[in-house]
Amino acid sequence: MSFRKDSRGSASVEALFVIAILLMLFFFVVEMGFLMYDWAVINHAASAAAVEAAMNGRFSADIRQAMAEHIKKMTTEGNTMGTDASGTSLPGSVNPGTIYVYGTDANMNVQRGGTITVGVAYPFRFKTFLFDALGRWLTGEDQVVLKVKMTAVSEVYFEQ
């Protein structure tokens with residue numbers, strides 16, 4: 001009686017496990033690359049809009065719209081989304097197909113030294129089904145919302 005087992009095919013089974021782990025790692029790196037790219041674009045757009053608003057003394061509708069268009073143009077899925085740039089605060093629920101730009105009232109002049117707030121909520125969708133399902137399982141949410149909020153001090157003195 002021999003206690004020696006047949007080891008034919010064990011390398012194939014081991015390779016299958018290793019390839020599956022490597023594929024998951026590869027897709028994780030790609031997904032996080034998309035996420036970090038969108039995060040960087042949104043941060044840059046919000047900070048640039050905050051500086052522009054500080055130089056003008058108000059977070060006007062033109063600055064809001066330019067910021068929303070920049071985000072739509074530069075993010076990975078922004079061109080498929082709509083925009084809502086009229087709010088003064090983040091809405092309670094974020095629509096998965098809408099980029100929200102909010103902040104200090106667009107019709108309000110902010111006197112020198114006052115703070116101007118600029119915010120963005122960008123719904124991010126994972127590109128692969130694996131991470132989409134994993135994200136839903138971990139967070140219990142259908143989407144991940146990237147949120148950015150910047151403040152700047154107004155530089156304009158308005159005579160009264």
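Residue numbers (the UniProt record's numbering): 1 to 160.
Ideal placement from N, C-alpha and C gives every residue a C-beta, glycine not left out.
These numbers were taken from a predicted model, which means no experiment stands behind them.
By Cβ distance below 7 Å, which residues in the same chain neighbour residue 33 in space, the five residues on each side in sequence not counted?
Position 33 of the sequence shown, counted from the start, is the residue given in the question as residue 33. Short of 7 Å from the beta carbon of residue 33, and not among the five residues preceding or following it, lies no beta carbon of its own chain.
Quick check on DSSP: helix, strand or coil for residue 122?
Locating residue 122 in the sequence shown gives position 122, where the first residue counts as 1. Strand.
Report all residues from its chain with a CB closer than 7 Å to the CB of residue 135; omit the five preceding and five following residues, and keep chain order.
On the sequence shown, position 135 is the one that residue 135 refers to. Taken in chain order, the residues that qualify are 126 and 144.
In chain order, each beta strand (DSSP E) run of at least 3 residues that lies wholly inside the segment 33–106:
Segments of the beta strand (DSSP E) lying fully in the segment 33–106: 82–87 and 98–103.
For residue 161, which residues of its own chain have a beta-carbon under 6 Å away from its beta-carbon, when the five flanking residues on both sides are left out?
Missing from the structure shown is residue 161; the chain here goes from 1 to 160 and no further.
Give me the Cα-Cα distance between residue 86 and residue 17, rounded to the nearest whole angstrom.
For this step, residue 86 is matched to residue 86 along the sequence shown. For this step, residue 17 is matched to residue 17 along the sequence shown. Here the alpha carbon of residue 86 sits roughly 51 Å from the alpha carbon of residue 17.
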